[in-house]
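Protein chains in written order, with the UniProt record's numbering: chain A, 1 to 337; chain B, 1 to 455.
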Amino acid sequence: MSSSSSSDDELGGARIPIGQRPEWSDVRPVPQDEGPRPVVAIAYSGEFRETMDYFRAVYLAGERSPRALDLTGEAIEMNPGNYTIWHFRRLVLEALNVDLLKEREFVDHTASHNSKNYQIWHHRRWLAEKLGPEAANREHEFTRSVLALDAKNYHAWSHRQWVLQALGGWENELDYCHQLLEDDIFNNSAWNQRYFVITKSPLLGGLQAMRDSEVDYTIEAILANPQNESPWRYLRGLYKGETNLLLNDNRLTDLCLKVLKTDCSRVLALSLLLDLLCNGLQPSEELKEVVESMRHDRSEPSNANLAAVICSILEAMDPMRLNYWAWRRSNLPSEIC
Amino acid sequence: MDSSPSPSPSSPSLSSAAAAAHRRSEIRLTVTQLEQRKVEEKVAEIYRVLHGVAPHTQSLMLELWRDKHVEYLSRGLRLLGPSFHVLDANRPWLCYWILHSLTLLGERLDPEFESAVVDFLSRCQDNDGGYGGGPGQMPHLATTYAAVNALVTLGSETALSSINRDSLYKFLLRMKDSSGAFRMHNAGEIDVRACYTAISVASLLNILDNELVKDLGTYIMRCQTYEGGIAGEPYSEAHGGYTFCGLATMILINEADRLDLPNLINWVAFRQGVECGFQGRTNKLVDGCYSFWQGGVLALIQKLSSIVDEQLESSFGNNGRSPAKSACESASSDLVGERPHIGNFLDIGFEFSHRDNEIGPLFHTIGLQHYILLCSQVLEGGFKDKPGKSRDFYHSCYCLSGLSLSQYSCTSDSDSLPPPEDVLGPYSNLLKPTHPLYNVVLDQYYKAREYFHSA
């Protein structure tokens, strides 16, 4: 990105100290004012110290110039977490009316080895906002490339959601979620994105229109991996605020029954069943029998309500959450079966 | 409820998970499963060693290496190597992580050094209010939170009086966005972290008012996801750090009843995994720092029984009402319905610290202590994310904070010391209690509260 004499390793030459560059000869570096007894004192390398001293000089002088822009680039390269430098860089970019596509290249480069840094992503959002809807596809490609390396990168997902809402590009988003879930059905970030798409995409008609097919999709995912918590939470999310629909959809109780009859992890099925019962589900005889057969301690009176029995089973089956299930047991609504 | 969880981490479930994984071995494992399995194997090995050795060796393994930690932390407070330049915009954080860790361990700084810290942080304080990441840097909400918490942790008159509250209040107002949320810095990003750091600082310094609070609760509510946890921004994924920040903010502005707490509790309870530590998000790897972020959420919840009870009652509709509970229900709804008057936010943090843990612990407190002491503790001093990673001050701070919380979570009375059975390892492992809303040691909080109450 640099047009100055600041050569870097890519060019094979040694970096010329800023103090030896002719274009900086008029600037007096400003050392950091740490006081006589600095604490958490960092033993800065000479290069870092010098770069920051010059940065302080242009920052304090408010210099909006091409060399100031180049300097921020060098300083950011050394410490991309310094938000003051990023902020100043934006002021310079605005003042100089720089080609923002070139700035995007700079961010691409910096982000490629610092993909978990708040400042880069904030800068990227600022940039995309300036570039407008035309930038949407390019931004989606960019987050796609970051997510290809780490499919759960929190910043990348936030950026992607912001771009969708602010600049658009929803057309292939559900397919993209599906593709990521095909790769890794345990990727909770992809499930979260799927929820965002089915509730917020202007093209799909919202949760109400999507619920039915999503329930089928999710149940299929659960049956393939009943120990995968993500789709269980997603399933509950599909009925957020819709208790009646939740209780009247037989697919859910059928799902619980199916999973309970297998020998795989049954904690999540019992947990959903407990929620259904707490919301007023009237359990079938079959459901009661399956749950009863799972009781470890048959000496307990069998007239205990089914929700309490489930809590007891979970206390034994899921010892990490013993305290939680015991608390649930002591807080069951009084009039449930 | 039963407040004494089984003392051993559930190694049976570790081995049964491994067996189940073995049965699936013909099936292609996903990235999540492979990564998870690697961590489970490392952790299981550590617990296997623990269970295989003599009781005396066990108690040695479970010891908190206080001297080593103090040495590591004290050294960092003075001088850090060149590789720390990446934290050059986080120096108040380094002060806070280290000072808070030392104070949890019961260490006091000598007055000479204390004044050096105050002097340094004053150089990070901006003339127009707030603290930057180092001398001369722009003020930033996160480093303002870190600086204020560090100064409260020091606790001396010099430390507390060095904070310019008038200009800090103006800085907070400048960071307030029209949505009700806060920006991290001038033209910076908006998220739940910014909201928490702003409100925590304002509450500690007794400058919280309606103008800062306006519409904030609505923003945080929008960040609670379908999973139950809270995200950094609306529609993002539920995350431990943001869930702590969001819930603590809502308590500090007296609007915790606007969150779906039963769902939130369920999500956090499920974040404690077979490794006995917490993960930050569903299907992510365990990390020692979530001992505080997730454990802290459940520590906060323990003191919210009136709101939680009310929500449990009302969520089950009319058919689930218990006549026996109606008396306390109406009492608690009076409490919940009462919105604070202008300038009435001050004593929320104070009153909260005196509340008993009316709800028993909601996670496996002994299990978590196992993870922190055996999997995060570094014998040369400091703490790390997980086996295979290296120590740092951030993880040292939040592992120790989480350790403190898990030692005190079973004690219902907020003023008494926990019995030996609640503290894993020798009783000398017991740390100072921390205020779960601000994460400063309780004694230091009381000093600061008195100072800013009279100032």
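Glycine included, C-beta positions come from ideal geometry on N, C-alpha and C.
Per-residue burial, residue i [other beta carbons within 10 Å of its own, 16 or more giving buried]
| i | result |
| --- | --- |
| Lys-38 of chain B | exposed |
| Ala-75 of chain A | buried |
| Leu-79 of chain B | exposed |
| Val-27 of chain A | buried |
| Gln-369 of chain B | buried |
| His-185 of chain B | buried |
| Asn-127 of chain B | exposed |
| Pro-80 of chain A | buried |
| Ala-187 of chain B | exposed |
| Leu-34 of chain B | exposed |
| Thr-57 of chain B | exposed |
| Lys-176 of chain B | buried |
| Ser-416 of chain B | exposed |
| Pro-333 of chain A | buried |
| Ala-43 of chain A | exposed |
| Ser-322 of chain B | Residue placement at Ser-322 of chain B is flagged as unreliable, the pLDDT there being 37, under the threshold of 50; a coordinate-derived value is accordingly withheld. |
| Tyr-427 of chain B | exposed |
| Gly-62 of chain A | exposed |
Under the three-state DSSP convention, the category residue i falls into
| i | result |
| --- | --- |
| Tyr-131 of chain B | strand |
| Lys-258 of chain A | helix |
| Gln-294 of chain B | helix |
| Gln-208 of chain A | helix |
| Ser-5 of chain A | Bear in mind that a pLDDT of 41 at Ser-5 of chain A, under 50, signals an unreliable position, so the number given afterwards is only what the model happens to contain. If DSSP states are grouped into helix, strand and coil, Ser-5 of chain A belongs with coil. |
| Phe-383 of chain B | strand |
| Lys-170 of chain B | helix |
| Gln-32 of chain A | coil |
| Gln-119 of chain A | helix |
| Asp-108 of chain A | helix |
| Lys-240 of chain A | coil |
| Gln-377 of chain B | strand |
| Thr-311 of chain B | The question names Thr, but residue 311 of chain B in the sequence shown is Gln. Three-state DSSP puts Gln-311 of chain B in a helix. |
| Gln-282 of chain A | coil |
| Gln-407 of chain B | helix |
| Gln-227 of chain A | coil |
Among the options, nearest to residue i - alpha-carbon criterion
| i | options | result |
| --- | --- | --- |
| Ser-189 of chain A | B:Ser-236, B:Thr-158, B:Asn-344 | B:Ser-236 |
| Leu-94 of chain B | B:Gly-132, B:Leu-64, B:Asp-110, B:Leu-62 | B:Gly-132 |
| Tyr-72 of chain B | B:Leu-99, B:Gly-425, B:Met-221 | B:Leu-99 |
| Glu-292 of chain A | A:Asp-275, A:Ile-313, A:Asn-279, A:Gln-282 | A:Ile-313 |
| Leu-69 of chain A | A:Asp-212, A:Lys-102, A:Arg-49, A:Gly-46 | A:Lys-102 |
| Gly-237 of chain A | A:Glu-315, A:Thr-51, A:Ser-115, A:Trp-191 | A:Trp-191 |
| Ala-256 of chain B | B:Gly-295, B:Phe-352, B:Pro-92, B:Ser-122 | B:Phe-352 |
| Glu-114 of chain B | B:Gly-136, B:Ala-150, B:Gly-130 | B:Ala-150 |
| Leu-362 of chain B | B:Leu-264, B:Tyr-394, B:Ser-454, B:Val-441 | B:Leu-264 |
| Val-268 of chain B | B:Trp-293, B:Thr-249, B:Val-274, B:Arg-258 | B:Trp-293 |
| Pro-231 of chain A | A:Leu-276, A:Asp-249, A:Leu-96, A:Leu-181 | A:Leu-181 |
| Asn-225 of chain A | A:Val-267, A:Asp-249, A:Ile-16, A:Leu-71 | A:Val-267 |
Strand pairing of residue i, partner residues [DSSP]
| i | result |
| --- | --- |
| Val-441 of chain B | B:Thr-434 |
| Leu-79 of chain B | A:Ala-41 |
| Ile-190 of chain B | B:Arg-183 |
| Val-286 of chain B | B:Gln-279 |
| Gln-224 of chain B | B:Ile-230 |
| Pro-139 of chain B | B:Gly-132 |
| Gln-125 of chain B | B:Tyr-131 |
| Gln-58 of chain B | According to DSSP, which records beta bridges pairwise, Gln-58 of chain B is partnered with nothing at all. |
| Asp-392 of chain B | B:Phe-383 |
| Leu-302 of chain B | Here residue 302 of chain B is Gln; the residue named in the question, Leu, does not match the sequence. DSSP lists no partner for Gln-302 of chain B. |
| Lys-176 of chain B | B:Phe-182 |
| Gln-33 of chain B | Beta-bridge pairing links Gln-33 of chain B to no other residue. |
Residue-chain proximity (residue i, chain E), Cβ-Cβ < 8 Å
| i | result |
| --- | --- |
| Asp-184 of chain A | The structure shown contains no chain E; its protein chains are A and B. |
Legend entry - Near-chain B residues of the stretch 95-124 of chain A - C-beta to any C-beta below 9 Å: Closer than 9 Å at the C-beta level to chain B, one finds these residues of the stretch 95-124 of chain A: Tyr-118, Gln-119, Trp-121, His-122.
Legend entry - Near-chain A residues of the stretch 189-212 of chain B (beta-carbon distance less than 7 Å), N- to C-terminal order: Hits within the stretch, in order: Glu-189.
Inset, instruction - Compile a chain-ordered list of the residues in the stretch 239-263 of chain A whose CB is closer than 8 Å to at least one CB of chain B. - result: Within the stretch 239-263 of chain A, the qualifying residues are Lys-240, Thr-243.
Legend entry - Near-chain B residues of the stretch 28-41 of chain A - C-beta to any C-beta below 9 Å: For the stretch 28-41 of chain A, which is checked against every Cβ of chain B, the residues closer than 9 Å are Val-30, Gln-32, Asp-33, Glu-34, Gly-35, Pro-36, Arg-37, Pro-38, Val-39, Val-40, Ala-41.
Legend entry - Residues from the stretch 150-175 of chain B in contact with chain A, defined by Cβ distance under 9 Å: Taking 9 Å as the Cβ-Cβ cut-off against chain A, none of the residues of the stretch 150-175 of chain B qualify.
Legend entry - Short-range partners of chain A found in the stretch 61-89 of chain B, where Cβ spacing is below 8 Å: Within the stretch 61-89 of chain B, the residues whose Cβ lies closer than 8 Å to some Cβ of chain A are Gly-76, Leu-77, Arg-78, Leu-79, Leu-80, Gly-81, Pro-82, Phe-84, His-85, Val-86, Leu-87, Asp-88, Ala-89, listed in chain order.
Inset, instruction - Anything in the stretch 280-297 of chain A with a Cβ closer than 7 Å to a Cβ of chain B? List those residues in chain order, please. - result: Hits within the stretch, in order: Gly-280.
Legend entry - Proximal residues, the stretch 272-288 of chain B versus chain A, C-beta separation under 8 Å: Of all residues in the stretch 272-288 of chain B, Gln-272, Gly-273, Val-274, Cys-276, Arg-281, Thr-282, Asn-283, Lys-284 have a Cβ within less than 8 Å of some Cβ in chain A.
Inset, instruction - May I ask you to list, following chain order, the residues of the stretch 71-91 of chain A that have a beta carbon less than 7 Å from some beta carbon of chain B? - result: Those residues of the stretch 71-91 of chain A placed with their C-beta closer than 7 Å to a C-beta in chain B are Met-78, Asn-79, Gly-81, Asn-82, Tyr-83, Thr-84, His-87, ordered along the chain.
Inset, instruction - For the stretch 291-312 of chain B, enumerate the residues whose C-beta is nearer than 7 Å to any C-beta of chain A, in chain order. - result: Listed in sequence order: Leu-312.
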